[in-house]
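>
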Amino acid sequence: MRLESDHGDFVELEPLAHEGAALAFEVRVRRGSFSGFAETSIDRETWRSFARELSVLEAMGEGFARVRSVADGELALVVRALPTEGHFAVEGVLGTREYDAIVSLRFSAFAFDRAQLVDLARVARACAG
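Structure below.
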């Protein structure tokens, strides 16, 4: 699942496993000259709610969809409609915890094409089961 701007900024979520109560993902973000990578888990019910919110956002063209990782600070994404009809944006935080440090990348919103939202919503629903 990838959301990408016309300028090369992107958020990419790659499913790793769909076992038990959580879904595992590899997440990559690039915003301008900064980039980050992390593996994270998202509660299955949280993901289902995100998939539903994406479907509403896709159908209505207004509002937002929000998702957070199980571990605080690893992932927080907001996908939202922009005031210009048919345009959408994503923003959020990607982080990783190490033994002695927490490293995070907070990125401001960047716009992406509506067709990408349609694909994201479809794949999110499939991952939700």
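Residue numbers for the sequence shown follow the numbering used here, beginning at 1229 and rising by one.
Glycine residues also receive a C-beta, built at the ideal position from the N, C-alpha and C atoms.
1) Any chance you could list the beta strand (DSSP E) runs of at least 3 consecutive residues sitting entirely within the stretch 1288–1337, in chain order?
2) Could I get the ranges of all uninterrupted beta strand (DSSP E) runs contained in the stretch 1254–1284, with 3 residues as the minimum, in chain order?
3) Using only the alpha-carbon positions, how far apart do Val-1298 and His-1235 sit?
4) Which two residues bound the contiguous alpha helix (DSSP H) that contains Ala-1343?
5) Within its chain, find whatever has a CB closer than 8 Å to the CB of Arg-1259; leave out the 5 residues flanking it on each side and keep chain order.
6) Which residue wins for smallest C-alpha separation from Arg-1350, given the options Ser-1269, Ala-1287, Asp-1271 and Glu-1232?
Here's the rundown:
1) Listed in chain order, the complete beta strand (DSSP E) runs (minimum 3 residues) inside the stretch 1288–1337 are 1292–1296, 1303–1309 and 1316–1325.
2) 1262–1271
3) Each residue's alpha carbon lies about 31 Å from the other.
4) Element bounds for Ala-1343: 1342–1356.
5) Asp-1237, Leu-1333, Phe-1335, Ser-1336 and Phe-1338
6) Ala-1287
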